[in-house]
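Participant: Pasting in a structure now, in structure tokens, and then I'll have a few things to ask.
In mature numbering (1 follows the signal peptide of the UniProt record, and there is no 0), the protein residues as written are -27 to -1, 1 to 514.
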């Protein structure tokens, strides 16, 4: 009888043993109680279900090895199975607890055996043989196996069942409702859900849930959160002002300490706003006692009978939360319509990036020195009519490097079949700090899908890892495919590759949330059943 060795499936034992999961699965258990195994997001099918033996889970070897493209041989005379995957050779003999990994003897907790005509082996042994990433989700009774060795995954208590498939950037963006931040020995997740704002706390190492703090909201709308290097937290709230009152606060910027005690507040009024955060996101940065807030709004009724949308910014002195500058009807960095915006400090300079649909109709970068706009540089200029409410593009990030401003996003083709194709490619633009016009901008297209392609990039993220190292994450969606594919790459301060793109197969994307940066790692989470998966990518690998 010929059998094939299944390698990665064996990992189940290690995970279930480590997490003290009850081991009650057997070949006779009904299918809806069986443990499911996924490799890079795809469920593996077994003709013989996993079984429990002395507290260890055994699984069929053949299915997983075939999924991993391992070469397997069977010696009928000795009852020995040999599997070779990359540089690792594993040899297992039926009913013998002694196995070999690259000719070194290893004692398994339980031996391989034949069950219903299939060879089953303990998962702990496989986990010691191969370096795949594995995680156990008790709410779905499933094991997730990932081939990327740069990734680690674990499951923990979910945050109020808050949906994490929340990246809804169609023609325009929206404020993020989830943030991750860290302090001391804890990881925190701030989440706005069903009109309530709360912070859930987790152990930094194990992600064990430690508790939740509800945050009283100053105004009914949530705009954004910023954890400043000064040790304080800043939250922006808002409320509608359809009556167009100049005395009504439409934004409230609140300062908290790390125990979420309110320290101060800046109330913004008389800025021609009817709907705060309208058709855009909100982004903040802080430096040397100043906080800059950049978002968009719907304005008071104009002479043409319309409520127009444009960007708006506020500069706050954080020591006393006094307002240093507030955008009125026509701020100096005016962009209309601004469908997404990002901001950053570069020394005393403030740098803005906006996704403009009207004036200008481009992804535009502006710099501000001493309260004056000193440069306005178009990065991508869109064809079409002014204020079309469509550009086919997305602006997803801005980073300030030593000599450049890095701007990240995606777009349809601007020269071929404009407006007729859903194909969108990822770009990164390096704008030299000395640039005075768009001729100096260096734009690199990371993906190259043809306009007729069914693939597109909408969601992407850029995160600063260190002085000259930046991580890119992006999700490729393909028409007719339910789940997209997540990729990452590492670039330098001029946008050139330090690490070429790598696929993270089966890994959910961060969604409308910036990944948490801790040293060389990026961390994000996704709701999976009644638990959430914590995904950490080690960019140093």
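Each residue gets a CB set at the ideal place from its N, CA and C atoms; glycine is no exception.
Runs of 4 residues minimum, wholly inside the segment 45 to 89: which ones carry the alpha helix (DSSP H) assignment?
Facilitator: none
Participant: Can you tell me whether residue -17 is buried or exposed, with buried defined as 16 or more other CB within 10 angstroms of its CB?
Facilitator: Taking the first residue of the chain shown as 1, we reach residue -17 at position 11. Low local confidence applies: a pLDDT of 36 at residue -17 is under 50, so the model's placement there is unreliable, and no value is given.
Participant: Between the C-alpha atoms of residue 313 and residue 250, what's the straight-line distance to the nearest angstrom?
Facilitator: In the chain shown, counting from the first residue as 1, residue 313 sits at position 340. In the chain shown, counting from the first residue as 1, residue 250 sits at position 277. Residue 313 and residue 250: Cα-Cα distance of roughly 10 Å.
Participant: Relative to the alpha-carbon of residue 27, which residue among 34, 82 and 40 has its alpha-carbon at the smallest distance?
Facilitator: Mapped onto the chain shown, residue 27 falls at position 54. When each option's Cα is compared against that of residue 27, the closest is 82.
Participant: Let me know the secondary structure DSSP gives residue 465 once reduced to three states.
Facilitator: Along the chain shown, read from residue 1 onward, the residue named residue 465 stands at position 492. Coil at residue 465, not helix or strand.
Participant: Leaving out five residues on either side along the sequence, give the residues of the same chain with a beta carbon under 6 Å from the beta carbon of residue 162.
Facilitator: Looking up residue 162 in the chain shown gives position 189. Here the set comprises 132, 153 and 173.
Participant: Using the Cβ count rule (16 or more neighbours within 10 Å means buried), how would you classify residue 215?
Facilitator: Taking the first residue of the chain shown as 1, we reach residue 215 at position 242. Exposed.
Participant: Answer with buried or exposed for residue 512, where buried requires no fewer than 16 other C-beta atoms within 10 angstroms of its C-beta.
Facilitator: Reading the chain shown from its first residue, position 539 is the one you call residue 512. The residue in question, residue 512, is buried, as its Cβ has 16 or more Cβ neighbours within 10 Å.
Participant: Roughly how far, in whole angstroms, is the beta-carbon of residue 459 from the beta-carbon of residue 445, given that I think they are within contact range, below 8 Å?
Facilitator: Stepping through the chain shown from its first residue, residue 459 is reached at position 486. Stepping through the chain shown from its first residue, residue 445 is reached at position 472. With a Cβ gap of about 11 Å, residue 459 and residue 445 do not count as contacting.
Participant: Contact defined as beta carbons within less than 8 Å: I believe residue 102 pairs with residue 74. What is the distance between those atoms, to the nearest angstrom?
Facilitator: Residue mapping note: residue 102 aligns to position 129 of the chain shown, counting from 1. Residue mapping note: residue 74 aligns to position 101 of the chain shown, counting from 1. Contact flag correct, Cβ pair sits at about 5 Å.
Participant: So, are the CB atoms of residue 118 and residue 105 less than 8 Å apart?
Facilitator: Translated into the one-based positions of the chain shown, residue 118 becomes position 145. Translated into the one-based positions of the chain shown, residue 105 becomes position 132. Result yes, Cβ atoms of residue 118 and residue 105 sit closer than 8 Å.
Participant: Indicate the three-state DSSP secondary structure (helix, strand or coil) for residue 98 in the structure shown.
Facilitator: Here residue 98 corresponds to residue number 125 of the chain shown, with the count starting at 1. Residue 98 falls in the helix class under three-state DSSP.
Participant: By how many angstroms is the C-alpha of residue 126 removed from the C-alpha of residue -10?
Facilitator: By 1-based counting over the chain shown, the position of residue -10 is 18. By 1-based counting over the chain shown, the position of residue 126 is 153. Because the pLDDT at residue -10 is just 32, under 50, the model does not fix this residue reliably, and the point stays unresolved.
Participant: Exposed or buried, residue 76, counting other C-beta atoms within 10 Å across all chains shown (16 or more means buried)?
Facilitator: As a working mapping, residue 76 is identified with position 103 in the chain shown. It counts as exposed.
Participant: Let me know if residue 246 comes out buried or exposed under the rule of 16 or more other beta-carbons within 10 Å of its beta-carbon.
Facilitator: As a working mapping, residue 246 is identified with position 273 in the chain shown. Classification of residue 246: buried, given that the 10 Å Cβ count is 16 or more.
Participant: Three-state secondary structure (DSSP) at residue 431?
Facilitator: By one-based count along the chain shown, residue 431 stands at place 458. Three-state DSSP puts residue 431 in a strand.
Participant: What does DSSP give as the partner residues of residue 315 in its beta bridges?
Facilitator: For the purposes of this step, residue 315 is identified with residue 342 of the chain shown, where counting begins at 1. Residue 315 is bridged by DSSP to 326.
Participant: Ends of the alpha helix (DSSP H) at residue 165?
Facilitator: Residue 165 sits at position 192 when you count from the first residue of the chain shown. Unbroken run through residue 165 is the beta strand (DSSP E), 159 to 166; no alpha helix (DSSP H).
Participant: The beta strand (DSSP E) with residue 271 in it runs from where to where?
Facilitator: Locating residue 271 in the chain shown gives position 298, counting from the first residue. Secondary structure note for residue 271: its beta strand (DSSP E) is the uninterrupted segment 263 to 274.
Participant: Run through DSSP, which three-state label would residue 35 get?
Facilitator: Along the chain shown, one-based indexing puts residue 35 at 62. Residue 35: helix per DSSP, three-state reduction.
Participant: If contacts are defined as beta-carbon pairs under 8 Å, then residue 390 and residue 356 qualify, I think. What distance do you get, rounded to the angstrom?
Facilitator: Mapped onto the chain shown, residue 390 falls at position 417. Mapped onto the chain shown, residue 356 falls at position 383. Not confirmed; about 11 Å, so no contact.
Participant: If we count the other Cβ atoms within 10 Å of its Cβ and call it buried at 16 or more, is residue 321 buried or exposed?
Facilitator: Residue numbering aside, residue 321 sits at position 348 when the chain shown is read from its first letter. That one is exposed.
Participant: Report the rounded CA-to-CA distance for residue 143 versus residue 80, giving the unit in angstroms.
Facilitator: Residue 143 sits at position 170 when you count from the first residue of the chain shown. Residue 80 sits at position 107 when you count from the first residue of the chain shown. For residue 143 and residue 80, the distance between alpha carbons rounds to 55 Å.
Participant: What number of angstroms, rounded off, separates the C-alpha of residue 510 from the C-alpha of residue 279?
Facilitator: Here residue 510 corresponds to residue number 537 of the chain shown, with the count starting at 1. Here residue 279 corresponds to residue number 306 of the chain shown, with the count starting at 1. Their Cα atoms are separated by approximately 46 Å.
Participant: Since residue 88 and residue 21 are thought to touch, with beta carbons under 8 Å apart, how far apart are those beta carbons, to the nearest angstrom?
Facilitator: By one-based count along the chain shown, residue 88 stands at place 115. By one-based count along the chain shown, residue 21 stands at place 48. Sure, about 6 Å apart at Cβ, within 8 Å.
Participant: Output the distance between the C-alpha atoms of residue 497 and residue 204, rounded to the nearest integer angstrom.
Facilitator: On the chain shown, residue 497 is found 524 positions in, with the first residue counted as 1. On the chain shown, residue 204 is found 231 positions in, with the first residue counted as 1. Taking the straight line joining both Cα atoms gives about 22 Å.
Participant: Using a threshold of 8 Å, state whether the C-beta atoms of residue 171 and residue 188 are closer than that.
Facilitator: Counting from one through the chain shown, the residue named residue 171 turns up at place 198. Counting from one through the chain shown, the residue named residue 188 turns up at place 215. Yes, the pair counts as a contact, with Cβ atoms nearer than the cut-off.
Participant: Report the residue from 437, 400, 193 and 408 whose alpha carbon sits nearest the alpha carbon of residue 429.
Facilitator: Numbered from 1 along the chain shown, position 456 holds the residue referred to as residue 429. Per the Cα distances, 400.
Participant: Under 8 Å Cβ to Cβ from residue 433, same chain only, skipping five residues before and after it: list those, please.
Facilitator: The sequence position of residue 433 within the chain shown is 460, counting from 1. For residue 433, where only same-chain residues beyond five positions count, the Cβ hits under 8 Å are 367, 369, 370, 381, 382, 383, 399, 445, 446, 447 and 448.
Participant: Report the three-state DSSP secondary structure of residue 309 (helix, strand or coil).
Facilitator: If you number the chain shown from 1, residue 309 lands on position 336. Looking at residue 309 - three-state DSSP - the assignment turns out to be strand.
Participant: So, at 7 Å on beta carbons, what are the nonlocal neighbours of residue 503 in its own chain, with the 5 sequence-adjacent residues on each side left out?
Facilitator: In the chain shown, residue 503 corresponds to position 530, counting from 1. Once the five neighbours on either side are set aside, the close Cβ partners of residue 503 are 112 and 131.
Participant: For residue 115, which three-state DSSP category applies?
Facilitator: Locating residue 115 in the chain shown gives position 142, counting from the first residue. Correct three-state label for residue 115: strand.
Participant: For residue 396, which residues in the same chain have their Cβ closer than 8 Å to its Cβ, ignoring the five residues on either side in sequence?
Facilitator: Numbered from its first residue, the chain shown carries residue 396 at position 423. Around residue 396: 385, 386, 422, 423, 424, 425, 426, 427, 428 and 429.
Participant: Measure the Cβ-Cβ separation of residue 376 and residue 406 and say whether it is below 8 Å.
Facilitator: Counting from one through the chain shown, the residue named residue 376 turns up at place 403. Counting from one through the chain shown, the residue named residue 406 turns up at place 433. Yes, they are a contact pair.
Participant: Using 8 Å as the Cβ pair cut-off and three pairs as the minimum, do the segment 49 to 64 and the segment 27 to 41 touch?
Facilitator: Contact annotation: the segment 49 to 64 touches the segment 27 to 41, with at least three C-beta pairs closer than 8 Å.
Participant: Below 8 Å between beta carbons: does that hold for residue 486 and residue 85?
Facilitator: Working through the chain shown from its first residue, we reach residue 486 at position 513. Working through the chain shown from its first residue, we reach residue 85 at position 112. In this structure, residue 85 does not lie closer than 8 Å to residue 486 by Cβ.
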